[in-house]
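What follows is a set of notes on a single structure, which appears directly below.
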Amino acid sequence: MTLLEILYAGQEIYERRAYQRFRDLERTAQKSKKQKGMQDKADRKEAF
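If you want it as C-alpha cells, here you go:
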C-alpha cells in the first residue's frame, strides 16, 4: 500500500466513526423526545 492509500483508509475509518457517533446521538435525542411526549400525554390524562 502506498502512503496515500493508508491515509485514505484511516480517514475513511475516522469518518465512519464520527457518523456512527452522530447517529447514536440522534437516536438518543429521539428516544428522550418520545419519552417526554409520552409523559406529557400521561400528565394531560391525569388532569381530567
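Under my numbering, the first residue of the sequence shown is numbered 94, with each subsequent residue one higher. For each residue, glycine too, the CB sits at the ideal point set by N, CA and C. These numbers were taken from a predicted model, which means no experiment stands behind them.
Could you tell me the distance, in whole angstroms, from the CA atom of residue i to the CA atom of residue j?
i, j, result
"L100", "A111", "17 Å"
"Y107", "F115", "12 Å"
"T121", "Q104", "26 Å"
"K126", "R137", "17 Å"
"K129", "L118", "16 Å"
Would DSSP call residue i helix, strand or coil?
i, result
"T95", "coil"
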